[in-house]
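There are 2 protein chains.
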Amino acid sequence: MTDAPAARRGIPGATVARLPVYLRALAGLAATGVDTVSSEELAEAAGVRSAKLRKDLSYLGSYGVRGVGYDVVRLREEIARELGLQYDWSVAIIGMGNLGHALAAYSGFATRGFRVTWLVDEDPNLVGSRIAGLTVIDMDALATQPPAGLIGVIATPPTAAQSVADRLVEMGVHSILNFAPCVLAVPDGVEVRKVDLATELQILAFHEQHARAELGPLADLAAVEVADARQEATS
Amino acid sequence: MTDAPAARRGIPGATVARLPVYLRALAGLAATGVDTVSSEELAEAAGVRSAKLRKDLSYLGSYGVRGVGYDVVRLREEIARELGLQYDWSVAIIGMGNLGHALAAYSGFATRGFRVTWLVDEDPNLVGSRIAGLTVIDMDALATQPPAGLIGVIATPPTAAQSVADRLVEMGVHSILNFAPCVLAVPDGVEVRKVDLATELQILAFHEQHARAELGPLADLAAVEVADARQEATS
DNA sequence: ACTTGTGAAACTTTTCACAGCG
DNA sequence: CGCTGTGAAAAGTTTCACAAGT
Numbered sequence: 001m002t003d004a005p006a007a008r009r010g011i012p013g014a015t016v017a018r019l020p021v022y023l024r025a026l027a028g029l030a031a032t033g034v035d036t037v038s039s040e041e042l043a044e045a046a047g048v049r050s051a052k053l054r055k056d057l058s059y060l061g062s063y064g065v066r067g068v069g070y071d072v073v074r075l076r077e078e079i080a081r082e083l084g085l086q087y088d089w090s091v092a093i094i095g096m097g098n099l100g101h102a103l104a105a106y107s108g109f110a111t112r113g114f115r116v117t118w119l120v121d122e123d124p125n126l127v128g129s130r131i132a133g134l135t136v137i138d139m140d141a142l143a144t145q146p147p148a149g150l151i152g153v154i155a156t157p158p159t160a161a162q163s164v165a166d167r168l169v170e171m172g173v174h175s176i177l178n179f180a181p182c183v184l185a186v187p188d189g190v191e192v193r194k195v196d197l198a199t200e201l202q203i204l205a206f207h208e209q210h211a212r213a214e215l216g217p218l219a220d221l222a223a224v225e226v227a228d229a230r231q232e233a234t235s
Numbered sequence: 001m002t003d004a005p006a007a008r009r010g011i012p013g014a015t016v017a018r019l020p021v022y023l024r025a026l027a028g029l030a031a032t033g034v035d036t037v038s039s040e041e042l043a044e045a046a047g048v049r050s051a052k053l054r055k056d057l058s059y060l061g062s063y064g065v066r067g068v069g070y071d072v073v074r075l076r077e078e079i080a081r082e083l084g085l086q087y088d089w090s091v092a093i094i095g096m097g098n099l100g101h102a103l104a105a106y107s108g109f110a111t112r113g114f115r116v117t118w119l120v121d122e123d124p125n126l127v128g129s130r131i132a133g134l135t136v137i138d139m140d141a142l143a144t145q146p147p148a149g150l151i152g153v154i155a156t157p158p159t160a161a162q163s164v165a166d167r168l169v170e171m172g173v174h175s176i177l178n179f180a181p182c183v184l185a186v187p188d189g190v191e192v193r194k195v196d197l198a199t200e201l202q203i204l205a206f207h208e209q210h211a212r213a214e215l216g217p218l219a220d221l222a223a224v225e226v227a228d229a230r231q232e233a234t235s
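Okay, here's the thing in structure tokens:
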């Protein structure tokens, strides 16, 4: 019954997270005029192994042709549909600091199915000003016209992030992208993804340190040793 | 032999990725004067389950006290050491567009063990200008003084990203944070982490669409349907 | 002949549940 | 008694290898 041409509820999360990468790779291939691609080639373009790619695509259904490969246009459509990109989703960016500014101006959203529709800040000096073609409003103004399916992007300082999240949830938002370096508490049914820049660097630092340890003592480290008030910790 | 007070090579990747979150939670607790914390409390602050937290910490060694909990200062030091944060790592940001600018000005790096030391761009109009207290240089200038342990942050357009990565690798960098929406090919031993903003939104769109499907047909969708040249696909 | 789609195996990560220790 | 640390079970993810289809 529910066995129509797509996967029955339950595409693994790891697969969902890779679909955007495949989509990007397919867009690149389409742009260069390729119209059929093998799992081997597409996997190469996406930076994964071909078996993984095939397994991932198998969750969406059978869109390949054995002995031939995948039709670039068709596969692109199927993935886009699975991701819900037949709609142009509205995005509200909250917090117009450096990062909020950069996000508002980022052209990569528009080209990939998203429309930045609201820019929000609480600072009265910013409210009313124009950034990237939009007028900055405050949270109250946003709350008067919250569209269903809005995605909220939090780019405030961490101290403000939780209360912004609360207000977004209150107005019916259930997808949030959080750039503030803090944990957000939200009710069930609200999906939060986080991007923490310092965290990413710390993970790299771990690998850097351990790669280094293979090669011998950390003698030639140009990274500056922290030699400051660390005494208070040891005394 | 190699059984000193830390984990023997092989902390799971999933655990490493969470250590920065624990570190942040501990910093928060330390700031409010708490000096002992149970796995339950710390897990709550970090947004994970306590069993997972304890398992993660067990890879670092036994730093808790049964019946009591963990010493906040001690645990913080141990995690920081494991992540290699006893050093201040140098960071070079390549690509001084909107995002590069925002990253250069981001104060969150300095407070978490990283020092943005070089800003790089190829545009002659930018080279020599000052951003966030630093003078913008070009890749050639960076190549003349590449410190060991440098972390490269790529914030260029995707078309330039691969060649920037190649040059970074050439000068001995083996940790790269890539903001450009493309796959980078690098040799073994070079660690690349990527942050793709549109990808994150697409993953949210997937969940948004499927959460919505639970509640019935997509009637009240305020996300604008893409009603353009999609006919060519159906005809 | 060639490439997909997929069971089964291998590996990783999370969760459970309780022994062990302060 | 309470909380950590950890084996063992469960769940999730990746890889293998080949049968099945064109």
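Chains as they are written, first to last, in the UniProt record's numbering: chain E, 1 to 235; chain F, 1 to 235. Every residue, glycine too, gets a C-beta built ideally from N, C-alpha and C.
Where does residue i fall in DSSP's three states?
i: S175/E; result: strand
i: D138/E; result: coil
i: F206/E; result: helix
i: E77/F; result: helix
i: R113/E; result: The amino acid at residue 113/E is misidentified as Arg; the sequence shows Gly. G113/E: coil per DSSP, three-state reduction.
i: R130/E; result: strand
i: T144/E; result: coil
i: N98/F; result: helix
i: S107/F; result: coil
i: D166/E; result: helix
i: V48/E; result: coil
i: D56/F; result: helix
i: V183/F; result: coil
i: P158/F; result: helix
i: L42/E; result: helix
i: G10/E; result: coil
i: P124/E; result: coil
Could you tell me if residue i is buried or exposed, where buried requires 16 or more neighbouring beta carbons within 10 angstroms of its beta carbon?
i: N125/F; result: exposed
i: A229/E; result: Because A229/E sits at a pLDDT of 36, beneath the cut-off of 50, its placement in the model cannot be relied upon, and the following sentence gives the value as read from the coordinates. Result: exposed.
i: S90/E; result: buried
i: A14/E; result: exposed
i: E82/E; result: buried
i: G10/E; result: exposed
i: P146/F; result: buried
i: E78/E; result: buried
i: R66/E; result: exposed
i: V68/F; result: exposed
i: D121/F; result: buried
i: S39/F; result: buried
i: T117/F; result: buried
i: G108/F; result: buried
i: A165/E; result: buried
Taking 7 Å as the cut-off, decide whether the C-beta atoms of residue i and residue j are in contact.
i: A46/F; j: A25/F; result: yes
i: V195/F; j: F179/F; result: yes
i: T199/E; j: P20/F; result: yes
i: L119/F; j: L134/F; result: yes
i: F114/F; j: L29/E; result: no
i: R193/F; j: L177/F; result: yes
i: D140/E; j: V127/E; result: no
i: T156/E; j: G95/E; result: yes
i: S175/E; j: I151/E; result: yes
i: V169/E; j: V186/E; result: yes
i: A104/F; j: A132/F; result: yes
i: residue 257/F; j: A17/E; result: The requested residue 257/F does not occur in the structure, where chain F is confined to residues 1 to 235.
According to DSSP, which residues form a beta bridge with residue i?
i: D71/E; result: T36/E
i: I93/E; result: L119/E, V153/E
i: residue 241/E; result: Nothing can be reported for residue 241/E: it is not among the residues displayed for chain E, which extend from 1 to 235.
i: G64/F; result: Y70/F
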